[in-house]
Amino acid sequence: MHLDQARAFDVHRATRASRVTLLVLLVVAVAVASAPWWAGRDAMRDFVQLAAYLVFAMMWNLLAGYGGMVSIGQQAYFGLGGYAMLVLANYCGVSPFIAVPLGALIAMAAAVPVSTIAFRLEGGYFAIGTWVIAEVFRLTFANISALGGGSGTSLTALHGIPRALRESLTLWLALAIVAAAVGLLYLFLRSKAGLALTAMRDNAVAASSQGVDVKRARLIVYLVSACGAALAGGLYFLGNLRISPDAAFSVNWTAFGIFIVLIGGLGTLEGPIAGALIFFVLNKFLSDYGTWYLIGLGALAIVVTLFFPQGLWGYVSQRLHLQLFPVGRRVVFRDAAAPGQPATSDIARTLDSHSTSAHRA
């Protein structure tokens, strides 16, 4: 039988694993949303912190893993989102919970002129340049006395809100931000724009020759990642109730984001989720060991980089052929030659049978 003979096929955009994942995520979302009625304050605070780590890592993964732009300065937007939230809440009378997304929009607007400077650089120069830009932000806010200068200031706008209500609203906001980040990134990467972004990452020249506006795509990715990083920053300092330049613009945020992505898997949606869970557990139970904790993180990163260069999730995905968030299309051929013959369920088996038949012919 030849390839040009009639073969019906279906195009699938979801897998059984992705459907199960959706169900599990819905159950987890309901459990987290109801946490104020059954969980303790520490558990709720932990989820908010985990959400901030996860969203920040996802945005760095979008920038580097899909956009091909390795930045060491995303803490600039993390801190800017936190400070914008505080200014809107303390000085403009905006609800702190509304100020978080508004602060993210302000950070995204600030990323427009910053991008004109950063995009003049490439490769390692881009990475170092973004770090320098973040340091400029840190020094600038450290010299604003109205915001506490180098010692920082507190989020006083929350003082009139009962603690239980404040913690519940912060938890629900964190859940909404995580759901929006995962859902919107998933839809974006499944779209034509996501395909163009992947092509640009693999080979910008080839993508440009195929009609992809590389400059526009890079700008969109940079702005989206800045907005997401600012959301993470606003959320983190909303739960922390205090902000300072050294805490907000610390390069540790980007270092943690890079660690999470490399451990989980670069260029995947599942990777940052797995990496964030691993990092959070390590940070929760081992951070009291100080220097040894940091040495352990570095050793783990080295081991994963050497033996699992695709990340832990990437390794599991390759071994088990598992995709929880499939962003591509899967073609499944149906054998219409005989009514009683079972349909093939795997494209690889179908293509192998075609190849064997053609060789024998």
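Per my numbering, the very first residue in the sequence shown carries number 15; after that it's consecutive. We treat Cβ as the ideally placed atom computed from N, Cα and C, and that holds for glycine. Just so you know, these numbers come straight off a predicted model, no measurement behind them.
Check: Which of the three DSSP states, helix, strand or coil, is assigned to Ile147?
Finding: Assignment of Ile147 by DSSP, reduced to helix, strand and coil, places it in the helix class.
Next item on the list: Could you name the residues that DSSP lists as bridge partners for Val256?
Entry: According to the sequence shown, residue 256 is Arg rather than Val. In the DSSP assignment, Arg256 forms a beta bridge with Ser168.
Note to self: Report the start-end ranges of each beta strand (DSSP E) in the segment 240-292 that is 3 residues or longer and not cut off at the edges.
What the structure shows: Runs of the beta strand (DSSP E) spanning 3 or more residues and lying entirely within the segment 240-292 do not occur at all.
Margin query: On the DSSP letters alone, give me the boundaries of the alpha helix (DSSP H) that Pro402 sits inside.
Written below: The structure shown has nothing for residue 402, since the chain only spans 15 to 375.
Next item on the list: Might you give, ordered along the chain, the residues of its own chain that have their beta carbon closer than 7 Å to the beta carbon of Leu338, omitting 5 neighbours on each side?
Entry: Ala31, Ser32, Thr35 and Glu284.
Margin query: Mapping the DSSP letters down to three states, classify Ala103 as helix, strand or coil.
Written below: Ala103 falls in the helix class under three-state DSSP.
Check: For the putative contact between Pro259 and Val275, defined by C-beta atoms under 8 Å, what is the C-beta separation to the nearest angstrom?
Finding: Incorrect: roughly 25 Å between the Cβ atoms, too far for contact.
Margin query: Distance check for Leu203 and Ala28, CA to CA, integer angstroms please.
Written below: Looking at the backbone, the Cα of Ala28 and that of Leu203 are separated by about 14 Å.
Notebook entry, point to check: Any contact of the segment 182-201 with the segment 65-77, i.e. 3+ C-beta pairs under 8 Å?
Noted result: When C-beta atoms of the segment 182-201 are compared with those of the segment 65-77, three or more pairs fall below 8 Å, so the two segments count as touching.
Item checked: Backbone CA spacing between Leu199 and Ala246 [nearest angstrom] -> Rounded to the nearest angstrom, the two C-alpha atoms are 15 Å apart.
Check: Under a three-way DSSP split, which group does Ala53 fall into?
Finding: The answer is coil: DSSP assigns Ala53 none of H, G, I, E or B.
Item checked: Pairwise C-alpha distance: Tyr307 and Ala121 -> If you take the alpha carbons of Ala121 and Tyr307, they lie about 32 Å apart.
Checklist line | Start-to-end residues for the alpha helix (DSSP H) that takes in Phe321 | finding: Per DSSP, Phe321 belongs to the alpha helix (DSSP H) from Thr305 to Phe321.
Note to self: Looking at the secondary structure, which residues open and close the alpha helix (DSSP H) in which Gly197 lies?
What the structure shows: Arg177 to Arg204 is the span of the alpha helix (DSSP H), which, as asked, contains Gly197.
Note to self: Is the separation between the beta-carbon of Ala195 and that of Val44 shorter than 7 Å?
What the structure shows: No, they are not a contact pair.
Notebook entry, point to check: Straight-line CA distance for Asp18 to Val238?
Noted result: Note on Asp18: pLDDT 49, under 50, position unreliable in the model; the coordinate value appears next. If you draw a straight line from the Cα of Asp18 to the Cα of Val238, it comes to about 44 Å.
Item checked: Backbone CA spacing between Ala351 and Ala22 [nearest angstrom] -> In this predicted model, Ala351 has a pLDDT of only 45, less than 50, meaning its place in the structure is not dependable; the value taken from the coordinates is given anyway. Distance between the alpha carbons of Ala351 and Ala22 is about 10 Å.
Note to self: If contacts are defined as beta-carbon pairs under 8 Å, then Trp327 and Phe92 qualify, I think. What distance do you get, rounded to the angstrom?
What the structure shows: In fact, because the Cβ distance is near 24 Å, the residues do not count as touching under 8 Å.
Check: Does the separation of the CB atoms of Met99 and Ala243 fall below 7 Å?
Finding: Not a contact, by the Cβ cut-off of 7 Å.
Next item on the list: Return the chain-ordered list of same chain residues with a C-beta closer than 8 Å to the C-beta of Pro353, the five sequence neighbours on each side being excluded.
Entry: Reliability fails at Pro353, whose pLDDT of 47 lies under 50, so the model's placement of it is uncertain and the value that follows must be treated cautiously. Nothing meets the Cβ criterion.
Next item on the list: State the start and end residues of the unbroken alpha helix (DSSP H) segment that holds Tyr329.
Entry: Per DSSP, Tyr329 belongs to the alpha helix (DSSP H) from Leu326 to Leu334.
Notebook entry, point to check: Where does Ala28 fall in DSSP's three states?
Noted result: Correct three-state label for Ala28: coil.
Checklist line | Residue environment, Ala262, which counts as buried when at least 16 other CB atoms sit within 10 Å | finding: So Ala262 counts as buried.
Check: Cys241: buried (16+ other C-beta within 10 angstroms of its C-beta) or exposed?
Finding: The C-beta of Cys241 has 16 or more other C-beta atoms within 10 Å across all chains shown, which makes the residue buried.
Next item on the list: Would you check if the distance between the CB atom of Phe133 and the CB atom of Ala90 is smaller than 7 Å?
Entry: With respect to Ala90, Phe133 sits apart: the two C-beta atoms are not nearer than 7 Å.
Check: In three-state DSSP terms, what is Gly82?
Finding: Looking at Gly82 - three-state DSSP - the assignment turns out to be coil, as it is neither helix nor strand.
Next item on the list: Assuming Gly278 and Gly289 form a contact by the criterion Cβ under 8 Å, report the distance between their Cβ atoms to the nearest whole angstrom.
Entry: About 3 Å separates the two Cβ atoms, so the contact holds.
Note to self: My output table needs one value for Arg33: the three-state DSSP class, helix, strand or coil.
What the structure shows: Correct three-state label for Arg33: helix.
Item checked: Among Ser48, Ala57 and Ala269, the one whose alpha carbon lies nearest that of Ser141 -> The question names Ser, but residue 141 in the sequence shown is Ala. Closest by C-alpha distance to Ala141, out of Ser48, Ala57 and Ala269, is Ala269.
Next item on the list: Classify Phe111 as helix, strand or coil using the three-state DSSP reduction.
Entry: It is helical.
Margin query: Suppose you measure from the CA of Leu300 to the CA of Ile292; what does that come to, to the nearest Å?
Written below: Approximately 12 Å between the Cα atoms of the pair.
Notebook entry, point to check: Count the other CB atoms within 10 Å of the CB of Asn217; is the residue buried (16 or more) or exposed (fewer)?
Noted result: So Asn217 counts as exposed.
Notebook entry, point to check: Considering Val219, what are the terminal residues of the alpha helix (DSSP H) in which it resides?
Noted result: Looking at the DSSP string, the run of the alpha helix (DSSP H) that includes Val219 is Ala218 to Ser223.
Notebook entry, point to check: Does DSSP put Gln89 in a helix, in a strand, or in coil?
Noted result: DSSP, read as helix, strand or coil, puts Gln89 in helix.
Checklist line | Three-pair Cβ contact test at 8 Å for the segment 216-231 versus the segment 52-62 | finding: Under the Cβ criterion (8 Å, minimum of three pairs), the segment 216-231 does not count as touching the segment 52-62.
Next item on the list: Kindly give me the distance between the Cβ atoms of Val126 and Ile147, rounded to whole angstroms, as I take these residues to be in contact under 8 Å.
Entry: With 8 Å as the limit, Val126 and Ile147 do not qualify as a contact, their Cβ atoms being about 13 Å apart.
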